[in-house]
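Note sheet for the following structure.
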Amino acid sequence: MWTDIKAMESPELNDKQAQRILENSAFADRALVRRALVRLAGPAEYKMIGVCADAVESAVSALRGYLAAFGYPEPPLAFDPIDERGVYLKFNPKTGSCYVSPYTGSERGVIVSCFSPGSEEYNETYAHLPLELFTRTD
Numbered sequence: 405m406w407t408d409i410k411a412m413e414s415p416e417l418n419d420k421q422a423q424r425i426l427e428n429s430a431f432a433d434r435a436l437v438r439r440a441l442v443r444l445a446g447p448a449e450y451k452m453i454g455v456c457a458d459a460v461e462s463a464v465s466a467l468r469g470y471l472a473a474f475g476y477p478e479p480p481l482a483f484d485p486i487d488e489r490g491v492y493l494k495f496n497p498k499t500g501s502c503y504v505s506p507y508t509g510s511e512r513g514v515i516v517s518c519f520s521p522g523s524e525e526y527n528e529t530y531a532h533l534p535l536e537l538f539t540r541t542d
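Counting from 405, one number per residue, gives the positions in the sequence shown under my numbering.
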């Protein structure tokens, strides 16, 4: 498992450490990835969340974890099952909309797109984050 020893020992991550952790999120300690994402995405005005998963149930579970982490209320998440292997679930906090559709790609993970209109500083996308980042405690 990839870890950044300085980041693990530091009570506060700096932006450079957080960016490095998110660039290596597949190998990093989950607790560090959570801290890094909250640090870099937290100040954004709003965050769109996309989930690429094997099934609707795992996409909804992942979305619930990310919604809770970012303090968003949970929208209605009752979707019909999709028979194909692979789904894409998208949540837009500006409109409150949430939809799921078939996804034929091979990637699995969460995409967080941060937006702060009028500021270049907090407009960033973090991709392929772990599905269970906020639903598992290890």
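The beta carbon of each residue, even a glycine, is placed where N, CA and C say it ideally should be.
query: First and last residue of the uninterrupted alpha helix (DSSP H) at Phe474; result: 460 to 474
query: Glu453 in three-state terms, based on DSSP; result: The displayed chain sequence assigns Ile, not Glu, to residue 453. Note: Ile453 maps to strand in three-state DSSP.
query: With 16 other Cβ atoms within 10 Å as the buried cut-off, status of Ala430; result: exposed
query: Host alpha helix (DSSP H) of Ala422 (start-end); result: 419 to 427
query: Contact check, Val504 vs Ile515, beta carbons under 8 angstroms; result: no
query: Extent of the continuous beta strand (DSSP E) to which Leu533 belongs; result: 528 to 533
query: Euclidean distance between Cα positions of Cys502 and Phe483; result: 10 angstroms
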